[in-house]
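Engineer: Numbering-wise, the sequence shown is residues 0 to 412 according to numbering that gives the first Met the number 0. Quick reminder that beta carbons are idealized off the backbone N, C-alpha and C, glycines included. The structure that follows is given in the form of structure tokens.
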Amino acid sequence: MKVVVIGGGVIGLCSAWYLQQEGHEVHVMESGDLTDGCSFGNMGYVSPSHFIPLATPGIVAQGLKWMLSSSSPFYIKPRLNLDMVRWGMAFWTKANARNVENSAAHLNNLLQLSRGLTADLQRDLPDGFDLIERGVFMLYKSAKTGEHEREMAEQAHGFGLKTVICTASEVQAYEPEVAVDVTGGVLYTDDCHLHPARFMRAMHQTLTNRGVQFHLNTTVNGFERNNGVIRQVLTNNGPLPCDEVVIANGSRMGDISKLLDISLLMQPGKGYSMEYDHLKNNLRIPSILVDDRVATTPIGPWLRIGGTMELSGHSTHILPKRVQAIYNAFRRYYPDLDIAPPDPAKAWYGYRPVTPDGVPYIGHHGQYRNLSYAGGHAMLGISAAAGTGKLIAELLSGQRTSIDVARFSPERK
Ligand SMILES: Cc1cc2nc3c(=O)[nH]c(=O)nc-3n(C[C@H](O)[C@H](O)[C@H](O)COP(=O)(O)OP(=O)(O)OC[C@H]3O[C@@H](n4cnc5c(N)ncnc54)[C@H](O)[C@@H]3O)c2cc1C
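Pasting the structure below:
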């Protein structure tokens with residue numbers, strides 16, 4: 000079949016990978032030139048440990064508290080936007096224990112599938128990217144956070160994940176080169192990390208070599224349809240006939256769905272990152288600084304730090320206080336690693352595709368015979384990309400899927 004994948008982020012490329020392996024003719028339509036975007040500047044974690052959806056009990060109250068501080072890790076820009084209001088209402092109704100119960104096992108299945116497939120991808124792209132298998136630390140300062148993290152570790156054991164619960168001095172023993180100022184931490188040893196831009200480049204290169212056709216600087220701006228079938232994808236560079244369409248355009252998924260008369264809830268969740276290179280001393284293990292919701296990713300002498308979740312639409316405005324807050328938090332946890340304060344104007348930012356229930360959309364949409372969705376992974380796009388691509392290829396090829404996909408339906412209410 001001729002499959003058109005809309006969006007060349009990590010989800011689009013992984014979908015193209017497995018679709019091409021199934022023998023389909025694959026075309027990737029990408030607005031940009033595949034050098035930047037949410038899939039490039041993120042923290043690069045492949046984390047089976049992230050099986051709890053974003054919409055959890057208590058998150059709304061916590062979010063409202065954070066709203067009162069200009070340096071907190073969460074921000075909603077007040078605005079009268081119907082899509083945002085509808086998304087917010089849905090998020091509000093999903094932020095409960097039932098949503099966690101209905102989602103965690105499915106997210107765990109997707110993340111575990113993906114973890115294994117990402118390791119396979121590393122073998123298929125030997126010069127492409129390193130998968131660094133040292134785990135990810137959840138580090139904390141407050142006793143209350145420590146208690147919560149130890150409870151989370153218990154839940155993780157229920158899904159077969161391994162953890163090491165560490166005192167402050169045990170955390171320090173993992174980091175011989177830098178001082179760590181925490182009260183303790185939980186190391187998730189199944190988690191691993193990669194350099195996302197290197198991964199993206201390796202995928203792009205190998206897919207091109209294998210015959211996948213990339214249409215760069217090409218924006219899909221319409222569809223020719225009749226009788227419940229999409230016949231052509233329309234772009235600024237002309238139309239492209241198709242047998243199947245996979246929408247994988249990240250945080251723009253809600254907008255493109257309107258062109259198909261489909262209402263799909265999606266909001267961009269903006270996050271920032273900064274990077275440092277040639278560090279003499281560096282961390283060994285990536286960490287989430289839980290009290291401050293900041294993440295760190297070291298690779299050799301290179302370090303990336305990042306965080307925040309801003310619901311401000313696709314705004315390009317950078318909030319300097321929140322960028323500075325990421326840096327300040329890092330310095331509080333790693334006080335002797337003397338990195339320069341960030342220039343907010345140079346901070347990288349990307350838009351996570353965020354669904355209201357914290358579960359991605361993966362699967363066929365019944366409004367058209369040949370339409371599927373792959374996206375909405377919020378902070379799990381790298382972690383879940385390989386699994387998502389595999390599922391899309393299985394669905395489009397009429398195969399039994401590796402895991403149950405009903406929970407990921409783009410038509411769920
Ligand atoms: C600070 C930060 C840290 C993160 N850390 C991690 C992490 O450690 N681990 C993890 O798993 N995830 C992480 N994430 C989340 C991860 O980056 C995203 O989930 C992932 O990149 C989403 O991939 P995507 O392919 O769905 O979307 P994108 O990467 O946004 O790709 C969508 C593509 O579609 C294109 N597009 C849009 N509209 C059109 C159109 N009409 N026509 C053609 N092309 C179009 C866009 O140009 C874009 O390139 C992080 C995110 C942020 C912001």
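#1: Which whole-angstrom value describes the C-beta separation of T307 and R321, a residue pair presumed to lie in contact below a C-beta threshold of 8 Å?
#2: DSSP beta-bridge partners for P340?
#3: For A54, which residues in the same chain have their Cβ closer than 7 Å to its Cβ, ignoring the five residues on either side in sequence?
#4: Is DSSP giving K279 helix, strand or coil here?
#5: Is the CB-CB distance between Y350 and S262 below 8 Å?
#6: Which residue from C13, S48, G11, Y367 puts its Cα closest to that of T162?
#7: Would you list the one or two residues that DSSP bridges to A294?
#8: Whole beta strand (DSSP E) runs in the stretch 103 to 177 with 3 or more residues, listed along the chain?
#9: What's the C-alpha gap between C241 and V211?
#10: If distances are taken between C-alpha atoms only, which option among P125, D189, V135, V181 comes closest to H156?
#11: On a CA-only basis, which of G159, P285, G270, T400 is nearest S311? Give me that one, please.
#12: Taking 7 Å as the cut-off, is the beta-carbon of S286 closer than that to any non-hydrogen atom of ligand 1?
#13: Excluding the five sequence neighbours on either side, which residues of its own chain have a C-beta within less than 7 Å of the C-beta of R292, listed in chain order?
#14: In whole angstroms, what is the alpha-carbon distance linking N280 and F213?
#15: How many angstroms separate the CA atom of A152 from the CA atom of F136?
#16: Looking at the structure shown, is M83 part of a helix, part of a strand, or coil, going by DSSP?
#17: What residue does the beta strand (DSSP E) around N248 start on, and which one ends it?
#18: Which ranges does the alpha helix (DSSP H) cover as unbroken runs of at least 4 residues, wholly within the stretch 345 to 404, from first to last along the chain?
#19: Less than 8 Å between the C-beta atoms of A247 and G36, yes or no?
#20: Exposed or buried, E100, counting other C-beta atoms within 10 Å across all chains shown (16 or more means buried)?
#21: Which residue or residues does DSSP assign as beta-bridge partners of E274?
#22: Look at the alpha carbon of L239 and the alpha carbon of A167, and state the distance between them as a whole number of angstroms.
#23: Distance check for S14 and D126, CA to CA, integer angstroms please.
#24: Determine whether the beta carbon atoms of C191 and V84 lie at a separation below 8 Å.
#25: Is it buried or exposed, N41, if we count other Cβ atoms within 10 angstroms and call 16 or more buried?
#26: Verify whether the separation of the beta carbon atoms of L302 and L278 is less than 8 Å.
#27: Consult DSSP for E410 and reduce its assignment to one of helix, strand or coil.
#28: Going by beta-carbon coordinates alone, are I284 and E132 separated by less than 8 Å?
#29: Does at least one heavy atom of ligand 1 sit under 7 Å from the Cβ of A247?
#30: Counting C-beta neighbours from all protein chains within 10 Å, is the total for E309 16 or more, i.e. buried, or is it exposed?
#31: Assuming contact is defined by CB atoms lying nearer than 8 Å, are A383 and L110 in contact in what I supplied?
#32: Quick check: S30 and T217, are their CB atoms within less than 8 Å of each other?
#33: In three-state terms, what does DSSP make of F329?
#34: Give the range of the alpha helix (DSSP H) segment to which T205 is assigned.
#35: Mind reading off the beta-carbon distance from G6 to L33? Whole number of angstroms is fine, and I expect it under 8 Å.
#36: Run through DSSP, which three-state label would R415 get?
Structural biologist: On the basis of the data shown:
#1: Taking the sequence shown and counting its residues from 1, one reaches residue 307 at position 308. Taking the sequence shown and counting its residues from 1, one reaches residue 321 at position 322. T307 to R321, Cβ: 5 Å. Contact.
#2: Locating residue 340 in the sequence shown gives position 341, counting from the first residue. None, per the DSSP bridge assignment.
#3: For this step, residue 54 is matched to residue 55 along the sequence shown. The residues are F90, K93, A94, N98, P355, D356, G357.
#4: As a working note, residue 279 is residue 280 in the sequence shown. DSSP places K279 in coil when its eight states are reduced to three.
#5: Here the question's residue 350 lines up with position 351 in the sequence shown. Here the question's residue 262 lines up with position 263 in the sequence shown. No, Cβ-Cβ distance for Y350 and S262 is not below 8 Å.
#6: Counting from one through the sequence shown, the residue named residue 162 turns up at place 163. Cα-wise, what sits closest to T162 is S48.
#7: The count along the sequence shown starts at 1 and reaches residue 294 at position 295. Its beta-bridge partners are I287, G305.
#8: 135 to 139, 162 to 166
#9: To locate residue 241, count along the sequence shown from 1; it is residue 242. To locate residue 211, count along the sequence shown from 1; it is residue 212. Cα to Cα, C241 sits roughly 14 Å from V211.
#10: For the purposes of this step, residue 156 is taken as the residue at position 157 of the sequence shown. Out of P125, D189, V135, V181, D189 has the C-alpha closest to the C-alpha of H156.
#11: For the purposes of this step, residue 311 is taken as the residue at position 312 of the sequence shown. Residue G270 is the option with its Cα nearest to S311.
#12: As a working mapping, residue 286 is identified with position 287 in the sequence shown. Checking the Cβ of S286 against ligand 1 gives no.
#13: Translated into the one-based positions of the sequence shown, residue 292 becomes position 293. So the qualifying residues of the chain are P72, G306.
#14: In the sequence shown, the residue the question calls residue 280 occupies position 281. In the sequence shown, the residue the question calls residue 213 occupies position 214. So the alpha carbons of these two residues sit roughly 40 Å apart.
#15: In the sequence shown, the residue the question calls residue 152 occupies position 153. In the sequence shown, the residue the question calls residue 136 occupies position 137. Cα-Cα distance, rounded: 12 Å.
#16: For the purposes of this step, residue 83 is identified with residue 84 of the sequence shown, where counting begins at 1. Three-state DSSP puts M83 in a helix.
#17: Here residue 248 is taken as the residue at index 249 of the sequence shown, counted from 1. Premise fails: N248 is in no beta strand (DSSP E) and is neither H nor E.
#18: 380 to 395
#19: Residue mapping note: residue 247 aligns to position 248 of the sequence shown, counting from 1. Residue mapping note: residue 36 aligns to position 37 of the sequence shown, counting from 1. No, they are not a contact pair.
#20: As a working note, residue 100 is residue 101 in the sequence shown. By the 10 Å Cβ count, E100 comes out exposed.
#21: The residue labelled residue 274 in the question sits at position 275 within the sequence shown. Paired residue(s): R303.
#22: Mapped onto the sequence shown, residue 239 falls at position 240. Mapped onto the sequence shown, residue 167 falls at position 168. Straight-line Cα distance between these residues: approximately 58 Å.
#23: Within the sequence shown, the letter at position 127 stands for residue 126. Within the sequence shown, the letter at position 15 stands for residue 14. Their Cα atoms are separated by approximately 21 Å.
#24: Locating residue 191 in the sequence shown gives position 192, counting from the first residue. Locating residue 84 in the sequence shown gives position 85, counting from the first residue. Contact: no.
#25: In the sequence shown, the residue the question calls residue 41 occupies position 42. Answer is buried; the Cβ neighbour count reaches 16.
#26: Position 303 of the sequence shown, counted from the start, is the residue given in the question as residue 302. Position 279 of the sequence shown, counted from the start, is the residue given in the question as residue 278. Yes, these two residues count as a Cβ contact at 8 Å.
#27: Locating residue 410 in the sequence shown gives position 411, where the first residue counts as 1. The answer is coil: DSSP assigns E410 none of H, G, I, E or B.
#28: Taking the first residue of the sequence shown as position 1, residue 284 is located at position 285. Taking the first residue of the sequence shown as position 1, residue 132 is located at position 133. Not in contact: I284 and E132 (Cβ atoms no closer than 8 Å).
#29: Translated into positions along the sequence shown, residue 247 becomes position 248. Under cutoff, so the answer is yes.
#30: To locate residue 309, count along the sequence shown from 1; it is residue 310. So E309 ends up on the buried side.
#31: Taking the first residue of the sequence shown as 1, we reach residue 383 at position 384. Taking the first residue of the sequence shown as 1, we reach residue 110 at position 111. Result yes, Cβ atoms of A383 and L110 sit closer than 8 Å.
#32: Translated into the one-based positions of the sequence shown, residue 30 becomes position 31. Translated into the one-based positions of the sequence shown, residue 217 becomes position 218. It is a contact, given that the beta carbons lie within the stated cut-off.
#33: Residue 329 sits at position 330 when you count from the first residue of the sequence shown. Of the three classes helix, strand and coil, the one that applies to F329 here is helix, per DSSP.
#34: As a first step, residue 205 must be located in the sequence shown, where it is residue number 206. Run containing T205: 195 to 208, per the alpha helix (DSSP H) assignment.
#35: Residue numbering aside, residue 6 sits at position 7 when the sequence shown is read from its first letter. Residue numbering aside, residue 33 sits at position 34 when the sequence shown is read from its first letter. At roughly 11 Å, the Cβ-Cβ gap does not stay under 8 Å, so G6 and L33 are not in contact.
#36: Residue 415 falls outside the range modelled here, since the chain spans only 0 to 412, and no answer is possible.
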